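In my numbering, the protein residues as written are 388 to 667. Note that the Cβ used here is the ideal one computed from N, Cα and C, for glycine as well. For clarity, every value in this text was computed on a predicted model and none was experimentally measured. What follows is a short report on a single structure.
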């Protein structure tokens, strides 16, 4: 937390992001990390009971590797999934809830079931970058407020667009699905660090979906300008080539210079040399 942010929240404590939903379009967010852990809710006791049942039964389990049996059904209201060892443990998890696979190196995962019920997806983070971004945006440390993110009261939604099969790069299908979910879940802010060069600025299917979010659903879309500096005209898409988005470069403030780099003398703020520059 910077001095400016601390001063602002001191004067306006309710302007901390509460009531705001931020979608992180990235490699996925690990909600079990410090600062991102879910708050207590009505399901915690039920989850704890399931965990106790799991611990009692785990000694009888035979580890056959990363194989998960899943059964999907509809209870008349929503789609549900029952996972693994159906004859010993019945643990129901509603769509989009979070749990952790202790026998798979503590990997955090979530279930997503298509409305038709014909497709069950087990979603996991494809890298650590999304969690890093989420912490900057909305980490909350009640006992150490200096570690808080910019909007510690905001809710984070993790939408993984990075595919491990192509080195965590995004795909057009993933972006389209993520933006559709943003409109369905009434997201207020989208943060996307992904981007690349383009031959045609401000055009294409993804740009059309992005503009629909911004113009029709009043979403604030924040994205990276790129990391291809210091030359001019190095901004990427959509951050530096699309109307209606906020393209953000990497800026070094005088307050950051000392703690990050040991620069004791006062220096002027400036862009990092690797941060992309405009114009397009």
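With a threshold of 16 other beta carbon atoms within 10 Å, residue 651 falls short and is exposed. Check the Cα spacing between residue 456 and each of 400, 418, 510 and 468: the tightest is with 468. According to the DSSP secondary-structure assignment, residue 582 is paired through a beta bridge with no residue.
At the C-beta level, residue 589 and residue 621 stay beyond 8 Å of one another. Residue 570 is not a Cβ neighbour of residue 520, given a cutoff of 8 Å. Partner residues in the beta bridge of residue 409, as assigned by DSSP, are 543 and 576. In this structure, the beta-carbon distance from residue 623 to residue 663 falls below 8 Å. Excluding five sequence positions before and after residue 636, the CB atoms of its chain that fall closer than 6 Å to its own CB belong to 612, 658 and 662, given in chain order. The C-beta of residue 596 has 16 or more other C-beta atoms within 10 Å across all chains shown, which makes the residue buried.
Under the three-state reduction of DSSP, residue 611 is assigned to strand.
Inclusion of residue 594 and residue 625 in the CB contact set at 8 Å is warranted, their separation being smaller than that value. For residue 531, the closest of 598, 567 and 421 by C-alpha to C-alpha distance is 421. Residue environment: residue 648 is assigned as exposed (fewer than 16 neighbouring CB atoms within 10 Å of its CB, all protein chains considered). The Cβ atoms of residue 576 and residue 407 sit closer than 8 Å to each other. In the displayed model, residue 621 falls within coil according to three-state DSSP, outside both helix and strand. Residue pairing from DSSP places residue 633 in a beta bridge opposite 609. By the C-beta density criterion, residue 400 is exposed, having fewer than 16 other C-beta atoms within 10 angstroms.
Bridge pairing for residue 398: absent [DSSP]. Relative to the Cα of residue 666, the nearest Cα in the group 584, 414 and 653 belongs to 584. In this structure residue 538 does not touch residue 550 by the C-beta definition: roughly 28 Å separates them, more than the 8 Å allowed. Per the C-alpha coordinates, the member of 443, 501 and 516 positioned closest to residue 509 is 501. Ranked by how close their Cα comes to the Cα of residue 458, the residues 410, 507 and 438 have 507 in first place. A residue is called buried once 16 or more other Cβ atoms fall within 10 Å of its Cβ, and residue 557 is buried on that count. Only residues of its own chain outside the window of five on either side were considered, and among them 546 have a CB closer than 7 Å to the CB of residue 568, listed in chain order. Shown here for residue 513: same chain residues with a beta carbon closer than 8 Å to its own, the five before and five after excluded, namely 414, 415, 547, 549, 550, 551 and 555 in chain order.
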